[in-house]
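**Student:** Quick one: the structure is below, questions incoming.
Protein chains: 2
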Amino acid sequence: MDSWVDGQPGDSLSIKDRGLAYGDGLFETLAVKAGQPVLLERHLQRLADGCRRLGIVADHLLIRRELLAYSAALGEGVLKLILTRGDSQRGYAASADASARRILQGNPPSSYPQAYQQQGIRLFPCATRLSEQPLLAGLKHLNRLEQVLARAEWQDAEHAEGLMLDTSGRVIEGVFSNLFLVHQGVLFTADLSRCGVAGVMRAQLLEEAKALAIPVDISDISLEQLRQADEVFLCNSVYGVWPVRAFADLSWSVGPLTRKLQSIARALLEV
Amino acid sequence: MDSWVDGQPGDSLSIKDRGLAYGDGLFETLAVKAGQPVLLERHLQRLADGCRRLGIVADHLLIRRELLAYSAALGEGVLKLILTRGDSQRGYAASADASARRILQGNPPSSYPQAYQQQGIRLFPCATRLSEQPLLAGLKHLNRLEQVLARAEWQDAEHAEGLMLDTSGRVIEGVFSNLFLVHQGVLFTADLSRCGVAGVMRAQLLEEAKALAIPVDISDISLEQLRQADEVFLCNSVYGVWPVRAFADLSWSVGPLTRKLQSIARALLEV
Chain P
652 MDSWVDGQPG DSLSIKDRGL AYGDGLFETL AVKAGQPVLL ERHLQRLADG CRRLGIVADH
712 LLIRRELLAY SAALGEGVLK LILTRGDSQR GYAASADASA RRILQGNPPS SYPQAYQQQG
772 IRLFPCATRL SEQPLLAGLK HLNRLEQVLA RAEWQDAEHA EGLMLDTSGR VIEGVFSNLF
832 LVHQGVLFTA DLSRCGVAGV MRAQLLEEAK ALAIPVDISD ISLEQLRQAD EVFLCNSVYG
892 VWPVRAFADL SWSVGPLTRK LQSIARALLE V
Chain D
652 MDSWVDGQPG DSLSIKDRGL AYGDGLFETL AVKAGQPVLL ERHLQRLADG CRRLGIVADH
712 LLIRRELLAY SAALGEGVLK LILTRGDSQR GYAASADASA RRILQGNPPS SYPQAYQQQG
772 IRLFPCATRL SEQPLLAGLK HLNRLEQVLA RAEWQDAEHA EGLMLDTSGR VIEGVFSNLF
832 LVHQGVLFTA DLSRCGVAGV MRAQLLEEAK ALAIPVDISD ISLEQLRQAD EVFLCNSVYG
892 VWPVRAFADL SWSVGPLTRK LQSIARALLE V
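Right, here's the structure in full:
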């Protein structure tokens, strides 16, 4: 399906765009099912939060309308929204009248092997660490060189994802996923106040867990905690939940809480 | 003057460009004087170093030829080169056949007030800190949200530049300049192995200082060292050298070493 730039079909944008010059913008990647964007409200909420924190002024009602209209036309697939601060002249200062630019790209549904869901995946140990920047932590912004470097560390199909630590050695997330551990019945996921992307599926699963009265702990996670985990899984808003069966010399079987949350995610994502 | 995209006149690029999606690329900003790019070899060297560290394959002879041809046509002004990893499909992994994209934009000569050079400037104390990421430190890459946030902290014309510390509180650089101190005849500038941009004019001035037998110290700089400095100045490859006359409650007069290095920079930059 054709891409849209500021609501019009198009596949190019101005080279003055601050998204190109500085990565000055945000993005969202949404699954689209039966013409509807999945978890739309959470995506819009994260986008609005990102705009507020970066000082990007955007018409959020218009963005909502475009996401709905584009999804209806796409039917099934993956929709990527890039929102930039718009054009500017040379220099970091944004024009007072800068108008945020909306770019929508549609892709076919993701085609990961079924085995990732069923038997789980092997996690690559990335040497690239996440730097600590509280001003950007949690945001899905366009400054993603750390993820590019991390993803370039492996080419084999053996590893479906990579694990990223922060520069202090804490366990944070996958390159394009959030990470959860289960230990003695408690669901753990990393605190993302210094780095990391606060994923929409992560937020959804945290809420589902609370509704199921599963104890949740959002805090710093060490490699030792990962080692001792009973279950490990990844999530994002496109593929849902992937059990982790191996990382370096560690291995896990797919546990019951992983399966429970996976089925909840699948119900959201699959037609 | 028209911009060039991959050697052809143009002012737009594909929305699939990884520069937009991830800030996956580098840039250089060169002064152009009498049709020649100033400090071309240093700019090319930094660009090649950045490509090597990010794994971007580019035709550096072609880039050189385009910079020379564009500068000859521009005559006088400021030339910005953006080099991205090119287009890709969805996902952080780059295509094996990704071809680096070259974007050249010409601007008129910079029009900073003469007073910045003569009387010096006041430095804004930015609250935005630089995160520590050795894998990206020194590079002039396209992930510049920290600079965008820092530059948005002040709007008044009183402050020509802002001072950025790293997340550990070390004095690093300006938002778009490198910083030097003089203390008891020694020229100090920050070590940039954890964060910061290793500026071309900084490198040039360090070499000039060595040629003048001025002792140079490249190491961590504290706010206390800034406080005790005899002279403070900023530099970049567009404006040359700006003395710093004030920062917060501190003030300095313009010193002899600042003037000496300023005149060297001016000789490079002015027609």
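One line per chain: the protein sequences are P and D, in this order.
Residue 746 in the numbering used here sits at position 95 of the first sequence, with consecutive numbering throughout.
Residue 673 in the numbering used here sits at position 22 of the second sequence, with consecutive numbering throughout.
From the three backbone atoms N, C-alpha and C, an ideal C-beta is built for every residue, glycine too.
Counting only runs that start and end within the stretch 829-888 of chain P, where is the beta strand (DSSP E) found for 3 or more residues in a row?
**Tutor:** Taking only runs of at least 3 residues, the beta strand (DSSP E) segments lying wholly in the stretch 829-888 of chain P are 829-834, 837-841, 867-870, 882-887.
**Student:** Hey, is the stretch 873-886 of chain D in contact with the stretch 666-676 of chain D, meaning 3+ C-beta pairs nearer than 8 Å?
**Tutor:** As far as the Cβ criterion goes, the stretch 873-886 of chain D does not touch the stretch 666-676 of chain D, which means the pair count is below three.
**Student:** Between the beta-carbon of glutamine 768/D and the beta-carbon of tryptophan 903/D, is there less than 8 Å?
**Tutor:** In this structure, tryptophan 903/D does not lie closer than 8 Å to glutamine 768/D by Cβ.
**Student:** Taking only beta-carbon atoms, is glutamate 797/D less than 8 Å away from chain P?
**Tutor:** Closer than 8 Å: yes.
**Student:** Throw me the rounded Cβ distance for the leucine 781/P and aspartate 817/P pair, which I believe falls under 8 Å.
**Tutor:** With 8 Å as the limit, leucine 781/P and aspartate 817/P qualify as a contact, their Cβ atoms being about 5 Å apart.
**Student:** State whether the stretch 654-673 of chain D contacts the stretch 661-671 of chain P, with contact taken as three or more CB pairs (one from each stretch) at a distance under 8 Å.
**Tutor:** With a cut-off of 8 Å, the stretch 661-671 of chain P and the stretch 654-673 of chain D count as touching, because enough Cβ pairs lie within range.
**Student:** Anything in chain P within Cβ reach of serine 663/D, meaning under 8 Å, just list it in chain order.
**Tutor:** Result: Ser663, Leu664, Ser665, Ile666.
**Student:** Could you tell me the alpha carbon to alpha carbon distance between leucine 857/P and glutamine 798/P, rounded to whole angstroms?
**Tutor:** Cα-Cα distance, rounded: 24 Å.
**Student:** Can you list the residues of chain P that phenylalanine 827/D reaches, using a CB-CB cut of under 9 Å?
**Tutor:** The answer, in chain order, is Gly742, Tyr743.
**Student:** What residues of chain D sit near threonine 909/P, judged by a beta carbon separation below 9 Å?
**Tutor:** Chain D residues near threonine 909/P: none, gap ~24 Å exceeds 9 Å.
**Student:** Mind pulling the chain D residues with CB within less than 7 Å of asparagine 887/P?
**Tutor:** By Cβ distance, chain D contributes nothing, its closest Cβ being about 12 Å from asparagine 887/P, past 7 Å.
**Student:** Got a sec? Which residues, its chain only, sit under 7 Å from alanine 709/P by beta carbon, not counting five neighbours each side?
**Tutor:** Result list for alanine 709/P: Cys702, Leu734, Ala751, in chain order.
**Student:** Put leucine 925/P into one of helix, strand or coil per three-state DSSP.
**Tutor:** With chain P running from 652 to 922 in the structure shown, residue 925/P is simply not present.
**Student:** Please say whether leucine 681/D and leucine 730/D have beta carbons closer to each other than 8 Å?
**Tutor:** Against a cut-off of 8 Å, the Cβ pair of leucine 681/D and leucine 730/D comes out as a contact.
**Student:** At which residues does the beta strand (DSSP E) containing leucine 774/D begin and terminate?
**Tutor:** First-last of the beta strand (DSSP E) with leucine 774/D: 772-776.
**Student:** Would you please state the rounded distance, in angstroms, between the beta carbons of arginine 821/P and isoleucine 872/P? I believe it to be under 8 Å.
**Tutor:** With a Cβ gap of about 6 Å, arginine 821/P and isoleucine 872/P count as contacting.
**Student:** At a CB distance below 8 Å, what residues from the stretch 744-770 of chain D approach chain P? Give them in sequence order.
**Tutor:** For the stretch 744-770 of chain D, which is checked against every Cβ of chain P, the residues closer than 8 Å are Ala744, Ala745, Ile754, Gln756, Asn758.
**Student:** List the residues of chain P whose Cβ lies closer than 7 Å to the Cβ of glycine 728/D, in chain order.
**Tutor:** Chain P residues near glycine 728/D: none, gap ~10 Å exceeds 7 Å.
**Student:** Starting from isoleucine 754/D, trace the beta strand (DSSP E) in both directions and tell me its first and last residue.
**Tutor:** Looking at the DSSP string, the run of the beta strand (DSSP E) that includes isoleucine 754/D is 752-758.
**Student:** Let me check understanding here. Comparing Cα to Cα, which of Asp748/D, Val833/D, Arg753/D lies closest to histidine 711/D?
**Tutor:** The option with the nearest alpha carbon to histidine 711/D is Arg753/D.
**Student:** Using a Cβ-Cβ cut-off of 8 Å, state whether tyrosine 721/P counts as contacting chain D.
**Tutor:** Chain D contact via Cβ: absent.
**Student:** What does a CB cutoff of less than 7 Å around arginine 853/P pick up in its chain, not counting 5 residues either side in sequence?
**Tutor:** Once the five neighbours on either side are set aside, the close Cβ partners of arginine 853/P are Asn829, Thr840, Cys886.
**Student:** If you count every other CB in all the chains shown that lies within 10 Å of the CB of alanine 864/P, and 16 or more means buried, which is it?
**Tutor:** With fewer than 16 Cβ atoms within 10 Å of its Cβ, alanine 864/P is classed as exposed.
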